[in-house]
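Presented below is the structure to which this report refers.
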Amino acid sequence: MEWLSEFGAIAAMQGFNGLSVFCVLLLMALGLAIIFGQMGVINMAHGEFLTIGAYTTFVVSSLTSSYAPAFGPYYFFLAIILSFFIAGAIGWLVEWAMISKLYQRPLDTLLATWGLSLVMQQGFRSIFGAREVSATLPDWLMGSWNPTEAIDIPRNGLFVMGLTLLLTALLFLMIYRSRWGLQVRATMQNRVMARSVGINTKRVDRMTFALGCGVAGVAGAAFTTIGSTGPTAGSLYIVDTFLVVVFGGASSLLGTIASAFSIAQAQSLLEFFTSGSMAKVFTLSAVVLILMLRPQGLFSAKVRK
Amino acid sequence: MDSQPIRLLPRRLAVGAAALSLLAGSLFSHVASAEVNTTGLAVTDSEVTVGILHSATGTMAISETGSIQAERLAIEQINASGGVLGRQIKVIQEDGASDWPTFAEKARKLLVGDKVATVFGCWTSASRKAVLPVFEKENGLLYYPTFYEGLEQSKNVIYTGQEATQQILAGLDWVAKEKGAKTFYLLGSDYIWPRTSMKIARKHIENVLGGKVVGEEYYPLGNTQFGSLINKIKLRKPDVVFAAVVGGSNVAFYKQMKAAGVTADKQTLLTLSVTEDELLGIGGENMAGFYASMKYFQSLDNPNNAAFVEAFKAKYGKDAVIGDVTQAAYLGPWLWKAAVEKAGSFDIDKVVAASPGIELDTAPEGYVKVHDNHHLWSKTRIGEVQKDGQFKVVFESDLIEPNPFPEGYQ
Amino acid sequence: MKNAYESLLGGKHGAIGLALLAALILVVFPLALDAFRLNMVGKYLTYAFVAVGLVLCWGYGGILSLGQGIFFGLGGYCMAMFLKLEASDPESTKIQSTPGIPDFMDWNQITELPLFWEPFHSLSFTLIAVVAVPVLLALVIGIAMFKRRVGDVYFSIVTQAIALILTVLIIGQQGLTGGVNGITDLRTLKGWDIRTDEAKLILYFVSAVLLLGCILIARFIVASKLGRLLLAMRDKEERVRFSGYDVASFKIFVFCVGAAFAGIGGAMFTLQVGFMSPSFVGIVPSIEMVIFAAVGGRLSLLGAVYGALLVNFGKTYFSESFPELWLYLMGGLFIVVVMYFPNGLAGLWDSHGKRWLARLQRKPQVAAAPKPVAVAPSKRPTPELETTP
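If you read the protein sequences in the order shown, they are chains A, B and C.
With the first letter of the first sequence counted as 1, position 28 gets the number 28 in UniProt numbering; the numbers rise by one all the way through.
With the first letter of the second sequence counted as 1, position 142 gets the number 142 in UniProt numbering; the numbers rise by one all the way through.
With the first letter of the third sequence counted as 1, position 322 gets the number 322 in UniProt numbering; the numbers rise by one all the way through.
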């Protein structure tokens with residue numbers, strides 16, 4: 001009997017693990033789903049926008065611990081908000097200086113943003129040093145929550161999950177329920193027509209890109225609780241992120257969610273039953289294979305040419 | 001484009017001119033240089049040129065920065081104390097950029113182009129394997145600082161870090177004895193060093209300690225999701241988790257262990273891959289109470305180390321930390337100086353011949369001695385991670401003989 | 001005869017360009033550079049193979065593969081396996097527990113040579129495999145992707161994912177592949193020591209000649225009807241399809257040609273550098289190779305060679321002189337080239353170099369310069385036939 005209850009506990013924790021990998025993938029992919037999915041811009045520097053969020057959190061954490069230790073437990077919320085605005089502002093600048101000149105050449109944005117990612121990585125290295133840094137996490141984020149004796153649910157996992165839900169819901173509202181979202185969708189479907197009905201498409205582009213980068217910043221801040229912060233930390237995520245978005249069917253937010261969910265569950269299960277490296281190979285191969293059979297992804301409005 | 005060869009031409013001429021002036025200098029002013037340097041190395045009456053070859057950029061810069069700092073510090077100190085055979089050491093530093101062919105290319109440049117008397121460098125096994133044929137072909141000398149998997153011995157390399165058996169066996173013996181450990185979960189990043197280390201660990205656990213390996217797995221470099229693994233650890237309940245995870249994965253692994261409630265009061269963990277450098281990124285509070293098996297910790301209590309730590313902090317700031325590899329890198333220039341002075345010559349062959357038996361009483365880790373197989377005799381220590389990112393030394397072994405090709409462990 | 005002259009050499013301009021390039025790499029470099037620098041150039045030239053293939057695929061075919069490193073790596077690995085087997089004869093590996101197999105296999109407790117290594121005892125098999133293995137993989141990927149009309153961007157991302165999978169796989173199977181260290185310490189080719197300066201010089205010339213050969217093949221393809229169809233497809237794929245052409249087959253064909261070039265480049269790389277490792281298979285080198293083509297000019301076969309040489313010279317020079325700055329410069333170069341010089345060096349030559357040359361040749365007042373290529377940011381680079389870079 002004891003064996004059975006333990007088995008139940010492991011199954012519960014493993015189920016939670018699948019969900020938490022799902023949330024991490026989704027959080028990484030949300031920003032890109034906007035930028036790549038809605039705008040069609042291939043932003044290879046997306047990982048570096050994550051890193052901006054992570055470093056922002058680190059800076060806020062260090063400042064807090066040296067100047068306002070009493071604020072310690074709550075600094076994380078400030079860090080998340082700041083990450084959003086800093087990453088968003090840099091995204092706004094990048095759109096203005098670079099992306100806006102390349103809308104007709106999607107493959108070229110890929111190359112230019114790759115260059116940008118190199119510059120940003122070296123920038124991080126010059127500012128913060130080559131070594132990894134660690135933000136001190138408030139106590140309420142550390143440790144685990146125990147619904148029963150045998151089950152440990154990581155609190156940072158819960159936190160990331162909550163943040164993901166909140167962010168996804170907000171984005172849904174913004175894109176599908178707000179006037180601004182309507183303008184975004186109109187611009188993406190038919191730029192000329194949108195302009196002719198009086199939408200300032202340039203502004204829409206800029207805000208959309210900045211929003212996507214801001215969301216990436218928030219994701220980066222959240223990832224300091226589970227991952228590393230270093231100059232090249234963001235580049236670890238980039239291929240996975242693109243696959244999630246593409247696998248979901250680029251222009252569908254729902255597709256991104258479904259794809260993050262299925263990839264996460266597959267990976268989490270495979271890791272449990274096989275081993276780390278092989279799980280990665282199997283998951284990626286399955287995704288690539290399915291993409292070859294169904295190039296438009298899981299959900300798709302239409303394949304844009 | 002056409003200006004390219006023209007731009008490169010003066011460099012070649014310059015090398016030629018330097019060689020000429022060197023020749024002239026040795027003929028007319030001083031006979032010593034011709035005596036101590038019969039193979040055309042970059043040695044003048046007042047100067048000897050050496051190379052430093054590490055990654056200052058790319059993913060490995062995280063790890064290799066400390067080694068560069070330590071090597072420069074040692075060279076500075078040697079220069080301040082009169083140099084080597086009366087010559088000041090001049091450094092040419094090249095960036096391997098975390099890219100193995102670049103390492104090979106730069107190694108060639110240092111040996112063939114710059115004619116350096118020795119090179120301090122490399123960190124990963126892959127970079128060492130890439131430069132090794134170059135050093136053997138051009139007959140250069142490399143001081144390699146990292147603890148590594150062993151299975152190698154080259155005339156042209158002095159290994160100042162520990163080879164796998166030195167680092168692993170003492171650590172395993174300690175957990176078996178001290179913690180009564182019988183079951184082990186082996187875990188590593190997916191490349192040669194963790195795999196070879198775990199192979200040695202498994203043989204030792206099964207054949208010598210009479211224990212059992214309940215799990216062994218490897219995650220791709222850069223993996224950041226360890227939830228499934230942590231659940232497996234919970235399921236199998238090993239007495240000891242024996243870990244060799246590196247890079248960004250390290251940080252993710254320990255943060256997630258802590259968050260999943262797998263902390264030192266419930267689980268014993270012994271790692272081969274966390275030094276003070278890595279703790280900066282992981283955060284001491286996330287690993288407190290876990291153990292690491294190394295030959296050096298910054299907190300070692302001896303006068304050599306006190307002086308070393310003080311000099312290091314004076315040069316690189318009070319927040320600078322020193323890990324195992326950093327200390328091993330610091331040994332490089334000192335061992336070379338001792339070997340050159342014993343040989344009375346900068347010639348590679350003579351320095352290599354003089355190297356075995358070189359002793360260093362002034363090493364921060366205590367006493368080291370170069371073995372015939374070009375590795376160092378050294379002690380292994382077990383450190384317990386403290387919240388402030390330092391280790392408390394809880395065990396110290398006797399001096400261990402290096403054994404890069406261990407019988408029965410292959 | 002006239003036809004061959006036109007299609008292979010691209011008329012007078014093309015012939016001059018090719019002759020200049022040949023003179024540069026066959027005469028000027030060997031004379032001006034010492035053995036060490038020349039070996040470096042030889043290494044850069046192997047990247048140029050990939051860049052030339054990319055000009056075909058990307059510049060002409062419009063398919064941007066971010067996985068050319070896969071093919072470069074496969075070619076390189078095939079060659080490395082042959083050389084490793086030769087270096088692992090029972091005599092020199094007698095300290096191993098199983099003599100006669102590569103050292104890394106011995107470290108991984110493999111006691112018998114794996115089956116897929118066996119054929120690499122034969123040089124002729126290896127030489128065929130260097131081209132055939134990459135081409136076969138390209139064929140499979142190409143058929144799967146193009147027959148289903150996968151869009152450009154999707155293709156790029158999928159090739160990138162394949163590069164990642166292959167890297168993880170090679171690293172994970174270290175008993176069979178040498179893992180992250182790769183296959184190292186290669187010494188002789190049929191008893192001929194490839195590490196000596198003379199050997200390196202000979203290998204340099206072999207690379208250079210093979211590269212010129214690849215350029216000629218590419219020229220031939222571009223000048224043929226296929227080349228024109230490719231350009232047409234890139235710009236209006238639907239129309240070509242409606243005209244009754246099998247668009248997918250053309251794409252698969254150039255993709256395979258690109259893979260073959262990359263495979264040859266990889267094999268020459270292994271021979272000159274003396275090892276092969278998974279770091280050439282991954283995403284980063286694959287994108288860098290695209291950058292070589294972009295800097296040279298994505299529509300210029302010769303430009304691709306200059307691009308590969310220039311970027312790598314820059315990389316070496318800056319990383320020696322300003323190690324802190326080189327990533328900024330490299331990243332900045334990518335951005336500037338892509339944004340403002342979509343036709344790369346070749347485009348600059350067309351817009352400025354020729355005018356300058358014309359001024360030199362003729363009287364200053366005759367301003368019969370060709371119209372510069374428009375660099376309007378919002379326009380795709382206009383297709384142009386091969387001109388001297």
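Just so you know, even glycine gets a beta-carbon here, dropped at the ideal spot from N, CA and C.
Owing to the predicted nature of the structure, the values given are computational and were not obtained by experimental measurement.
Chain-ordered neighbours of residue i on chain B, where CB pairs are closer than 7 Å
{"i": "Asn236(A)", "result": "The amino acid occupying residue 236(A) in the given sequence is Leu; Asn does not appear at that position. The answer, in chain order, is Gly222, Thr224 and Gly248."}
{"i": "Met142(A)", "result": "Lys258 and Ala259"}
Top-ranked residue by Cα proximity to residue i, from the options
{"i": "Phe147(B)", "options": "Pro220(B), Ala259(B) and Tyr296(B)", "result": "Tyr296(B)"}
{"i": "Trp92(A)", "options": "Gly123(A), Asn43(A), Tyr55(A) and Leu211(A)", "result": "Leu211(A)"}
{"i": "Gly222(B)", "options": "Tyr144(B), Phe184(B), Gly66(B) and Asp190(B)", "result": "Asp190(B)"}
{"i": "Leu211(C)", "options": "His121(C), Arg359(C), Ser319(C) and Tyr306(C)", "result": "Tyr306(C)"}
{"i": "Gly244(C)", "options": "Ala308(C), Leu229(C) and Gly172(C)", "result": "Leu229(C)"}
{"i": "Phe405(B)", "options": "Gly150(B), Gly161(B) and Tyr144(B)", "result": "Gly150(B)"}
{"i": "Lys315(B)", "options": "Thr224(B), Ser46(B) and Gln77(B)", "result": "Gln77(B)"}
{"i": "Val60(A)", "options": "Glu48(A), Phe49(A) and Pro73(A)", "result": "Pro73(A)"}
{"i": "Leu50(A)", "options": "Val197(A), Ile80(A), Leu19(A) and Leu137(A)", "result": "Ile80(A)"}
{"i": "Val131(B)", "options": "Arg202(B), Gln162(B) and Ser98(B)", "result": "Ser98(B)"}
{"i": "Asn43(A)", "options": "Ala112(A), Gly8(A) and Phe7(A)", "result": "Ala112(A)"}
{"i": "Arg381(B)", "options": "Ser397(B), Lys115(B) and Val84(B)", "result": "Ser397(B)"}
Cβ-Cβ distance between residue i and residue j below 8 Å
{"i": "Val288(A)", "j": "Ala29(A)", "result": "no"}
{"i": "Met188(A)", "j": "Gly181(A)", "result": "no"}
{"i": "Gly284(B)", "j": "Val251(B)", "result": "no"}
{"i": "Ser277(C)", "j": "Ala126(B)", "result": "yes"}
{"i": "Glu217(B)", "j": "Ser275(A)", "result": "yes"}
{"i": "Leu141(B)", "j": "Lys106(B)", "result": "no"}
{"i": "residue 392(C)", "j": "Gly53(C)", "result": "Not covered by the structure: residue 392(C). The range shown for chain C is 1 to 389."}
{"i": "Leu300(B)", "j": "Val393(B)", "result": "yes"}
{"i": "Val50(C)", "j": "Phe261(C)", "result": "yes"}
{"i": "Ala176(B)", "j": "Ser197(B)", "result": "no"}
{"i": "Lys251(C)", "j": "Gly61(C)", "result": "yes"}
{"i": "Leu291(A)", "j": "Leu64(C)", "result": "no"}
{"i": "Ser228(B)", "j": "Phe22(A)", "result": "no"}
{"i": "Ala339(B)", "j": "Val325(B)", "result": "no"}
{"i": "Thr284(A)", "j": "Ala161(C)", "result": "It should be pointed out that residue 284(A) corresponds to Leu in this sequence rather than to Thr. Yes; because the gap between Cβ atoms is below 8 Å, this pair is in contact."}
{"i": "Arg87(B)", "j": "Val119(B)", "result": "no"}
Proximal residues of chain B, C-beta to C-beta of residue i below 8 Å
{"i": "Asp152(C)", "result": "Neighbours of Asp152(C) on chain B: none; closest Cβ ~28 Å, over 8 Å."}
{"i": "Thr241(A)", "result": "Ordered by position in chain B, no residue passes the 8 Å Cβ test against Thr241(A), which lies about 12 Å from the chain."}
Interface residues of chain A facing residue i [CB-CB closer than 9 Å]
{"i": "Tyr330(B)", "result": "Within chain A, no residue comes near Tyr330(B); the closest Cβ sits about 18 Å away, beyond 9 Å."}
Beta-ladder partner(s) of residue i, from DSSP
{"i": "Val370(B)", "result": "Leu376(B)"}
{"i": "Val112(B)", "result": "Looking at the DSSP assignment, Val112(B) forms no beta bridge with any residue, so it has no partner."}
{"i": "Met276(C)", "result": "Ile183(C)"}
{"i": "Arg87(B)", "result": "Val84(B)"}
{"i": "Thr271(B)", "result": "Ala243(B) and Ala292(B)"}
{"i": "Ala363(B)", "result": "Gly366(B)"}
{"i": "Trp192(C)", "result": "Leu189(C)"}
{"i": "Pro154(A)", "result": "Ser144(A)"}
Beta-carbon neighbours of residue i, restricted to chain B and to distances below 9 Å
{"i": "Val21(A)", "result": "Gln225, Gly227 and Ser228"}
Contact list for residue i against chain A, beta-carbon separation under 7 Å
{"i": "Val180(C)", "result": "Per Cβ cutoff of 7 Å: no residues; Val180(C) is ~12 Å from chain A at best."}
{"i": "Leu169(C)", "result": "Val281"}
Beta-carbon neighbours of residue i, restricted to chain D and to distances below 8 Å
{"i": "Gly172(C)", "result": "Going by chain labels, chain D is absent from the structure shown, which instead holds the protein chains A, B and C."}
Chain C residues whose Cβ lies nearer than 7 Å to that of residue i
{"i": "Ala112(A)", "result": "Phe334, Ile335, Val338 and Met339"}
{"i": "residue 463(B)", "result": "Residue 463(B) lies beyond the stretch modelled for chain B, which goes from 1 to 410, so this question has no answer here."}
Contacts that residue i makes with chain C (C-beta to C-beta distance below 9 Å)
{"i": "Ile42(A)", "result": "Val153, Ser156 and Ile157"}
Chain C contact residues for residue i, given Cβ-Cβ distances below 8 Å
{"i": "Val24(A)", "result": "By Cβ distance, chain C contributes nothing, its closest Cβ being about 18 Å from Val24(A), past 8 Å."}
Which runs of the beta strand (DSSP E) fall wholly inside the stretch 105 to 169 of chain B and span at least 3 residues, in chain order? If only complete runs of 3 or more residues are kept, the stretch 105 to 169 of chain B shows the beta strand (DSSP E) at 119 to 121, 142 to 144 and 157 to 159, in order along the chain.
Taking the runs of the alpha helix (DSSP H) that are 4 residues or longer, which of them lie wholly in the stretch 126 to 187 of chain C? Fully enclosed alpha helix (DSSP H) runs of 4 or longer: 152 to 172 and 174 to 177.
Restricting to runs no shorter than 4 residues, where is the alpha helix (DSSP H) found entirely within the stretch 235 to 285 of chain C? If one requires a minimum length of 4 residues, the alpha helix (DSSP H) runs lying completely within the stretch 235 to 285 of chain C are 237 to 242 and 247 to 273, in chain order.
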